[in-house]
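Data first, discussion second: the structure below is written as structure tokens.
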Amino acid sequence: MRTIEVTMVHVYLTEGDHHLKSLLACLHDEEKVSGVTTYRGISGFGKSGKIHSSTLLDMSLDLPLVIEFFDEPAKVETILEHLNKKVEPGHIVSWSAKLHLGE
Amino acid sequence: MRTIEVTMVHVYLTEGDHHLKSLLACLHDEEKVSGVTTYRGISGFGKSGKIHSSTLLDMSLDLPLVIEFFDEPAKVETILEHLNKKVEPGHIVSWSAKLHLGE
Amino acid sequence: MRTIEVTMVHVYLTEGDHHLKSLLACLHDEEKVSGVTTYRGISGFGKSGKIHSSTLLDMSLDLPLVIEFFDEPAKVETILEHLNKKVEPGHIVSWSAKLHLGE
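Protein chains in written order, with the working numbering: chain A, 1 to 103; chain B, 104 to 206; chain C, 207 to 309.
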């Protein structure tokens, strides 16, 4: 099975940031990332220490959002330089992974 | 604390693929993976460039799905050879991790 | 772009464990982890082999939960020693990653 090295990225936001739409558009239209998935967490907290969590009453107020994507390491490095200007420092994590390309 | 090396895997699907049930059954019944979690994303896009996203109106139409599992590296390698025939090329990512086994 | 090495962690629970609240409080109040996100899976299974899945009828019964957090490697090691007493063995996975700190 052929594999290539990729860099996986998690970008941490909250719904209250209202950044998701513009970041996804940027990754899609400008950076041409091959694949992106966004998850909504059910609870979490960041450096503010403020806990964000979902109950039946406030399900969509300010929950954590995570954008996950991967691409070739050099391309991701360029993307992260751009994202870094749009996302708070300390909210982007990356690691090396293998993409499986089929036989 | 004892740890063993494992391989973590993300398999990317969308709900429209209608593959989730058969892949989970395969991982459970045939491959005997020790643990699997499936996430539904709230938005995303793949190589088609088509954006999949959830609104109140079409919450369950064609959202991204991610199957996450881990197991011993050699076992995962065998599993990925099997999965590779059932999943589109370029939709499986893996990386090395440590499983913490307790004291 | 400045980066520092961190350890990423996934802790696997199910809603039926009723551990989430106390684990989050521990990570927040005692361990002072800089950021935590909890995800609810839509299906999954663990060592018991019992499949947990969501349908419209039992959406919130016993779904998989994953706590994701990262911090400096030495701090995470200490945290995992504490968590290990509160979580079933074999339910914690960790890997090395880079945190991007801005320019």
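Backbone N, C-alpha and C define an ideal beta-carbon position, used for all residues, glycine too.
From a predicted model like this one, the values you see are computed outputs, not experimental measurements.
Buried or exposed (CB count within 10 angstroms, at least 16 for buried), residue i
{"i": "T141(B)", "result": "buried"}
{"i": "A74(A)", "result": "exposed"}
{"i": "A128(B)", "result": "exposed"}
{"i": "I273(C)", "result": "buried"}
{"i": "H18(A)", "result": "exposed"}
{"i": "G315(C)", "result": "Past the edges of chain C, shown from 207 to 309, lies residue 315(C), and the structure says nothing about it."}
{"i": "D174(B)", "result": "buried"}
Option nearest residue i by Cα separation, candidates the options
{"i": "T78(A)", "options": "M1(A), H19(A), G90(A), L27(A)", "result": "L27(A)"}
{"i": "S146(B)", "options": "Y12(A), K21(A), S96(A)", "result": "K21(A)"}
{"i": "K238(C)", "options": "H10(A), V93(A), G16(A), F45(A)", "result": "F45(A)"}
{"i": "T14(A)", "options": "G41(A), E30(A), L83(A), P64(A)", "result": "P64(A)"}
{"i": "D268(C)", "options": "L229(C), V242(C), G222(C)", "result": "G222(C)"}
Cα-Cα separation between residue i and residue j, rounded to whole angstroms
{"i": "K85(A)", "j": "S94(A)", "result": "16 Å"}
{"i": "E287(C)", "j": "M104(B)", "result": "7 Å"}
{"i": "V114(B)", "j": "H194(B)", "result": "6 Å"}
{"i": "E207(B)", "j": "L289(C)", "result": "With chain B covering only 104 through 206, there is no way to say anything about residue 207(B)."}
{"i": "L202(B)", "j": "T213(C)", "result": "13 Å"}
{"i": "G205(B)", "j": "S240(C)", "result": "24 Å"}
{"i": "T3(A)", "j": "A97(A)", "result": "10 Å"}
{"i": "F275(C)", "j": "D132(B)", "result": "31 Å"}
{"i": "V242(C)", "j": "V112(B)", "result": "21 Å"}
{"i": "V76(A)", "j": "L229(C)", "result": "33 Å"}
{"i": "E5(A)", "j": "E108(B)", "result": "19 Å"}
Beta-ladder partner(s) of residue i, from DSSP
{"i": "E274(C)", "result": "H216(C), T243(C)"}
{"i": "V93(A)", "result": "H10(A), L305(C)"}
{"i": "E108(B)", "result": "K201(B)"}
C-beta neighbour in chain E for residue i, strict 8 Å
{"i": "F70(A)", "result": "No chain E is present in this structure, whose protein chains are A, B and C."}
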